[in-house]
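Student: When we follow the numbering used here, the leftmost residue of the sequence shown carries the number 62, and every step to the right adds one.
For every residue, glycine included, the Cβ atom is placed at its ideal position computed from N, Cα and C.
Only a predicted model underlies this, so the values are computations on that prediction, with no experimental measurement involved.
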Amino acid sequence: MRRAGGGLVTIIVAVVMVVSGCSSTDDVRRQAGQDRSSSGAAAGPSPASPLARYYDQRLGWRDCHDGFECTRLEVPLDYTKPAAETIRIAVIRLPADDDDPRGSLIVNPGGPGVSGVDYALAAESVVSEAVRERYDIVGFDPRGVQRSAPVACVSDDQLDVLLALDGSPDDAAEEQSIAQEWRALGAGCAARRPLLTAHVGTRDAARDLDVLRAALGDRRLTYLGKSYGTYLGTTYAETFPRRVGRVVLDGQLDPAASGPEIAAGQAAGFQRALRSFLATCVRRSSCPFTGSVAEALGQLSTLLDGVDQRPLRGEPGRPVTQALAVLGVAAALYDEGSWPLLIRALDQAERGNGSTLLALADYYADRGPSGRYTTNAIEALYAVNCLDRPESTDLADYRATADALADTSPIFGPFIAWGSVPCASWPVPPQGQPHPVAAAGARPIVVVGTTRDPATPYAWSVSVAKQLESGRLLTYVGDGHTAYRRGSRCIDRLVDRYFLDGTLPSTGTRCR
62 MRRAGGGLVT IIVAVVMVVS GCSSTDDVRR QAGQDRSSSG AAAGPSPASP LARYYDQRLG
122 WRDCHDGFEC TRLEVPLDYT KPAAETIRIA VIRLPADDDD PRGSLIVNPG GPGVSGVDYA
182 LAAESVVSEA VRERYDIVGF DPRGVQRSAP VACVSDDQLD VLLALDGSPD DAAEEQSIAQ
242 EWRALGAGCA ARRPLLTAHV GTRDAARDLD VLRAALGDRR LTYLGKSYGT YLGTTYAETF
302 PRRVGRVVLD GQLDPAASGP EIAAGQAAGF QRALRSFLAT CVRRSSCPFT GSVAEALGQL
362 STLLDGVDQR PLRGEPGRPV TQALAVLGVA AALYDEGSWP LLIRALDQAE RGNGSTLLAL
422 ADYYADRGPS GRYTTNAIEA LYAVNCLDRP ESTDLADYRA TADALADTSP IFGPFIAWGS
482 VPCASWPVPP QGQPHPVAAA GARPIVVVGT TRDPATPYAW SVSVAKQLES GRLLTYVGDG
542 HTAYRRGSRC IDRLVDRYFL DGTLPSTGTR CR
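(1) Quick one: complete alpha helix (DSSP H) runs, 4+ long, within the stretch 178–262?
(2) Alpha carbon to alpha carbon, how far is Arg374 from Gly532? Give it in angstroms, no decimals.
(3) Can you give me the Cβ contacts of Pro203 inside the same chain, cut-off strictly under 6 Å, excluding the 5 residues immediately before and after it?
(4) Between Ala466 and Ala324, how many whole angstroms is the CB-CB distance? I'm expecting something under 8 Å.
(5) Applying the criterion that 16 or more other CB atoms from any shown protein chain within 10 Å of the CB defines a buried residue, is Ser567 buried or exposed?
(6) Suppose contacts are defined by Cβ-Cβ distances below 8 Å. Is Arg571 in contact with Val538 by that definition?
(7) Can you check which of these residues, Pro475, Ser470, Val187, is closest to Thr462 by C-alpha distance?
(8) So what's Tyr140 in DSSP terms, helix, strand or just coil?
(9) Residue ranges of each alpha helix (DSSP H) run of no fewer than 4 residues wholly in the stretch 450–477, ordered along the chain?
(10) In terms of residue numbering, what span does the beta strand (DSSP E) encompassing Val151 cover?
(11) Whose C-alpha, out of Pro372, Arg379, Gln332, is nearest the C-alpha of Ala357?
(12) Please confirm whether Val272 and Gly294 have their CB atoms less than 8 Å apart.
(13) At a cut of 8 Å, does the stretch 486–493 reach the stretch 334–341 through at least three beta carbon pairs?
(14) In the DSSP output, which residue or residues are listed as bridge partners for Ile167?
(15) Ordered along the chain, which non-local residues of its own chain (more than five positions away) have a Cβ less than 6 Å from that of Glu440?
(16) Give every residue of the same chain whose Cβ lies closer than 7 Å to the Cβ of Asp540, excluding the five residues on either side of it in the sequence, and list them in chain order.
(17) Are there three or more Cβ pairs, one per stretch, closer than 8 Å when the stretch 440–452 is compared with the stretch 247–266?
(18) Distance check for Asp117 and Ala93, CA to CA, integer angstroms please.
(19) DSSP on Phe301, reduced to helix/strand/coil?
(20) What's the call for Gly470, buried or exposed, on a 16-neighbour Cβ count within 10 Å?
(21) What residue range does the alpha helix (DSSP H) around Thr341 cover?
(22) Can you name, in chain order, every residue of its own chain whose Cβ lies under 8 Å from the Cβ of Glu185, other than the five neighbours on each side?
(23) Using three-state DSSP, classify Phe560 as helix, strand or coil.
(24) Tell me whether Tyr537 sits in a helix, a strand or coil according to DSSP, three-state version.
(25) Is the separation between the beta-carbon of Gly326 and that of His542 shorter than 8 Å?
(26) For Ala329, I'd like the list of residues in its chain whose CB is within less than 8 Å of its CB, leaving aside the five on either flank, ordered along the chain.
(27) Take Glu190 and list the residues in its own chain whose beta-carbon comes closer than 8 Å to its own, dropping the five residues that flank it on each side.
(28) Using beta-carbon positions only, say whether Leu166 and Phe129 come within less than 8 Å of one another.
(29) According to DSSP, is Arg268 part of a helix, a strand, or is it coil?
(30) Among Val523, Arg504, Ala520, whose alpha-carbon lies nearest the alpha-carbon of Arg303?
(31) Starting from Gly375 and walking both ways along the beta strand (DSSP E), at which residues does that stretch end?
(32) Which same chain residues end up closer than 7 Å to Trp400 when comparing Cβ atoms and leaving out the 5 residues on each side of it in sequence?
(33) Which term fits Asp553, buried or exposed, when burial requires 16 or more other beta carbons within 10 angstroms of its beta carbon?
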């Protein structure tokens with residue numbers, strides 16, 4: 062369940078691991094020669110720094126879509142060896158409508174593994190018209206993702222097998238089997254591009270973000286990050302606090318939380334969202350469940366327990382396993398606009414037909430009708446997550462977490478607990494430990510939290526707003542994952558005011 066991006070994080074697929082190495086921050090600042098002054102067109106390293114050529118590069122823009130321009134940003138693969146191998150980051154922008162634009166607003170949809178280029182192409186829905194008028198809207202595919210030195214680990218057929226694996230093993234033999242199957246993912250990444258596999262974490266992506274800021278000609282970063290994009294934002298703010306401009310983090314991940322703590326938070330979040338969905342469902346004649354919310358939860362659990370023994374009909378040669386069915390349910394909980402489709406999917410499933418649940422799962426995983434995955438989002442998600450945060454190598458720890466989370470969420474808990482097992486055998490060691498982020502010296506950072514967010518529980522936004530020295534919490538009382546531009550005029554108005562004139566939401570502001 063844990064792609065925490067503008068979509069879901071696969072329930073069986075990955076835990077949201079969101080921390081970069083705290084021990085490296087001072088080294089990063091020293092190497093980059095961080096400019097702490099308030100003057101200068103685009104702060105960067107000193108001219109003598111080996112990184113200067115990256116910060117000083119001129120971007121060659123070309124028309125690439127209707128009204129959009131594209132380019133490539135060159136960055137070092139390994140920032141400790143800036144004269145060695147380089148990679149190129151795909152960048153896109155929609156120029157501002159204003160004759161005197163304020164600068165660039167860089168947007169990131171989350172994931173990790175989701176394309177920022179594709180996100181920027183949807184700029185009309187991502188940000189308001191007023192913001193588009195004043196800012197160039199810029200998106201980029203982070204390193205390892207889609208168009209930017211993409212990781213490639215397994216074939217499409219292999220990925221099909223992995224996503225369908227049992228996410229709630231019943232005994233030690235099943236646990237060993239799952240762990241062994243997932244081992245192939247990391248081994249495939251390392252075999253194809255070993256050096257890249259070691260350098261696709263959030264710590265390096267944050268440094269790429271600073272190079273992009275400078276190449277765009279902006280002295281400070283203006284940024285909208287959603288879900289995992291909030292972790293990229295806090296990592297940036299911790300590393301380059303004096304280069305923070307107007308930053309909004311929507312659907313916050315908590316960098317101080319451990320893997321088990323994140324799993325517990327998501328289990329509670331998805332359970333809360335599921336109860337909210339079922340409260341709506343049982344009031345409709347089309348709902349396959351009846352009675353109270355508690356009774357509906359029991360009926361859904363019975364349905365999915367049955368799928369563990371007897372998969373649903375899906376498509377030829379591809380039955381709908383319990384893992385795919387649970388993934389389909391979770392995918393629909395990200396946006397209450399998908400709830401009518403989920404009602405229909407569950408009604409079909411009660412009759413043995415899992416085709417709509419499979420379609421929901423495939424939509425999340427970017428699997429096309431032909432059987433080909435249209436992006437590398439799942440592979441990139443693991444490649445980033447397993448670098449960002451340590452996970453246990455002992456299957457007994459996963460079993461203990463699964464047992465504990467089953468009490469919180471019988472349906473989602475075990476899947477979330479086992480979701481990070483690929484990292485138990487990841488071929489590259491993690492780069493950091495969970496720790497709070499203060500970003501001392503940064504300008505105000507607006508943290509937007511949704512009270513019934515399934516993937517990034519509201520408590521994480523509250524926590525991070527307190528951790529940040531300049532954090533300001535803005536609350537949306539409602540359902541769904543993230544809040545800005547999802548239907549709340551109150552949230553949209555306050556976020557826009559901050560981007561446009563720097564006005565912070567009042568302390569304690571709650572929107573509906």
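Tutor: The short version:
(1) 184–187, 190–195, 217–225, 233–253, 255–258
(2) Within the sequence shown, residue 532 is the residue found at index 471, counting from 1. Within the sequence shown, residue 374 is the residue found at index 313, counting from 1. In a straight line, the C-alpha of Gly532 is about 49 Å away from that of Arg374.
(3) Position 142 of the sequence shown holds residue 203. Same-chain partners within the cutoff: Ala266.
(4) On the sequence shown, residue 466 is found 405 positions in, with the first residue counted as 1. On the sequence shown, residue 324 is found 263 positions in, with the first residue counted as 1. Note on identity: in this sequence residue 466 is Leu, with Ala being the wrong assignment. Indeed, because the Cβ distance is near 6 Å, the residues count as touching under 8 Å.
(5) Your numbering for residue 567 matches position 506 in the sequence shown. Exposed: under 16 other Cβ atoms inside 10 Å.
(6) Counting from 1 along the sequence shown, the entry for residue 571 is found at position 510. Counting from 1 along the sequence shown, the entry for residue 538 is found at position 477. Yes.
(7) Taking the first residue of the sequence shown as position 1, residue 462 is located at position 401. The shortest Cα separation from Thr462 among Pro475, Ser470, Val187 belongs to Pro475.
(8) For the purposes of this step, residue 140 is taken as residue 79 along the sequence shown, with counting starting at 1. Correct three-state label for Tyr140: coil.
(9) 456–469
(10) In the sequence shown, residue 151 corresponds to position 90, counting from 1. It should be noted that the sequence gives Ala, not Val, for residue 151. Here the beta strand (DSSP E) through Ala151 covers 147–155.
(11) Counting from one through the sequence shown, the residue named residue 357 turns up at place 296. The shortest C-alpha separation from Ala357 is found at Gln332.
(12) As a working mapping, residue 272 is identified with position 211 in the sequence shown. As a working mapping, residue 294 is identified with position 233 in the sequence shown. Taking 8 Å as the Cβ cut-off, Val272 and Gly294 do not qualify as a contacting pair.
(13) no
(14) For the purposes of this step, residue 167 is identified with residue 106 of the sequence shown, where counting begins at 1. DSSP output for Ile167 lists Val199, Tyr284 as bridge partner(s).
(15) The residue you call residue 440 lines up with position 379 of the sequence shown. Correct list, in chain order: Val212, Cys214.
(16) For the purposes of this step, residue 540 is taken as the residue at position 479 of the sequence shown. If we look at Asp540 and ignore the five residues flanking it on each side, its Cβ neighbours are Ala334, Ser337, Glu397, Arg513.
(17) yes
(18) Along the sequence shown, one-based indexing puts residue 93 at 32. Along the sequence shown, one-based indexing puts residue 117 at 56. Below a pLDDT of 50, predicted positions are generally treated as unreliable, and Ala93, at 42, falls in that range; the measurement from the model is reported next regardless. C-alpha separation (whole angstroms): 13 Å.
(19) Taking the sequence shown and counting its residues from 1, the one referred to as residue 301 is at position 240. Here Phe301 sits in coil by DSSP.
(20) On the sequence shown, position 409 is the one that residue 470 refers to. According to the sequence shown, residue 470 is Ser rather than Gly. Its Cβ being crowded by 16 or more others within 10 Å, Ser470 is buried.
(21) The count along the sequence shown starts at 1 and reaches residue 341 at position 280. 320–342 is the span of the alpha helix (DSSP H), which, as asked, contains Thr341.
(22) Locating residue 185 in the sequence shown gives position 124, counting from the first residue. Arg193.
(23) Within the sequence shown, residue 560 is the residue found at index 499, counting from 1. Helix.
(24) The residue given as residue 537 occupies position 476 in the sequence shown. The answer is strand: DSSP assigns Tyr537 an E or B state.
(25) For the purposes of this step, residue 326 is taken as the residue at position 265 of the sequence shown. For the purposes of this step, residue 542 is taken as the residue at position 481 of the sequence shown. Contact flag unset, no.
(26) The residue labelled residue 329 in the question sits at position 268 within the sequence shown. Excluding sequence neighbours, Ala329 sits near Thr469, Ser470, Pro518.
(27) Looking up residue 190 in the sequence shown gives position 129. Once the five neighbours on either side are set aside, Glu190 has no close Cβ partner at all.
(28) In the sequence shown, residue 166 corresponds to position 105, counting from 1. In the sequence shown, residue 129 corresponds to position 68, counting from 1. No, the pair does not count as a contact, with Cβ atoms beyond the cut-off.
(29) The residue you call residue 268 lines up with position 207 of the sequence shown. Three-state result, Arg268: helix.
(30) Within the sequence shown, residue 303 is the residue found at index 242, counting from 1. Nearest C-alpha to Arg303: Arg504.
(31) Reading the sequence shown from its first residue, position 314 is the one you call residue 375. Start and end: 373–376.
(32) Position 339 of the sequence shown, counting from 1, holds the residue named residue 400. Excluding sequence neighbours, Trp400 sits near Phe338, Thr341, Ala393.
(33) The count along the sequence shown starts at 1 and reaches residue 553 at position 492. Buried: at least 16 other Cβ atoms inside 10 Å.
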